[in-house]
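Participant: One structure coming up, written as structure tokens, with questions to follow.
Rendered as structure tokens:
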């Protein structure tokens, strides 16, 4: 799919927001930080909390057996 330079720039900002949301490193932003990071900087703590909550839900789910996983993967690969 062809992307205009404008669209490509917008998608890059969104991709960076996702990467920063999943990053374990703390952001230390200042006046010399890239503009794209400053655009969503105030939202990152909320996104990080949502990511943490999601992974806690995944962690707390009951485990499945190896056979159940094998059966599931075989069905999905059809």
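Numbering (UniProt numbering), first residue to last: 1 to 78. The C-beta atom is built at its ideal place from N, Cα and C for all residues, glycine as well. Keep in mind the model is a prediction, meaning the values are calculated, not measured.
Taking residue 127 as the reference, give the member of 40, 29 and 68 with the closest Cα.
Facilitator: The structure shown does not extend to residue 127, since the chain is modelled only from 1 through 78, so no value can be given for it.
Participant: Report the three-state DSSP secondary structure of residue 64 (helix, strand or coil).
Facilitator: Residue state, collapsed to three classes: coil.
Participant: Are residue 22 and residue 58 closer than 9 Å when you measure CB to CB?
Facilitator: No, these two residues do not count as a Cβ contact at 9 Å.
Participant: My output table needs one value for residue 2: the three-state DSSP class, helix, strand or coil.
Facilitator: Reduced to three states, the DSSP call for residue 2 is coil.
Participant: With DSSP as the reference, label residue 27 as helix, strand or coil.
Facilitator: Coil, per DSSP.
Participant: Excluding the five sequence neighbours on either side, which residues of its own chain have a C-beta within less than 8 Å of the C-beta of residue 70, listed in chain order?
Facilitator: Contacts found: none.
Participant: Could you tell me the alpha carbon to alpha carbon distance between residue 32 and residue 26, rounded to whole angstroms?
Facilitator: Using only the alpha carbons, I get a separation of about 17 Å.
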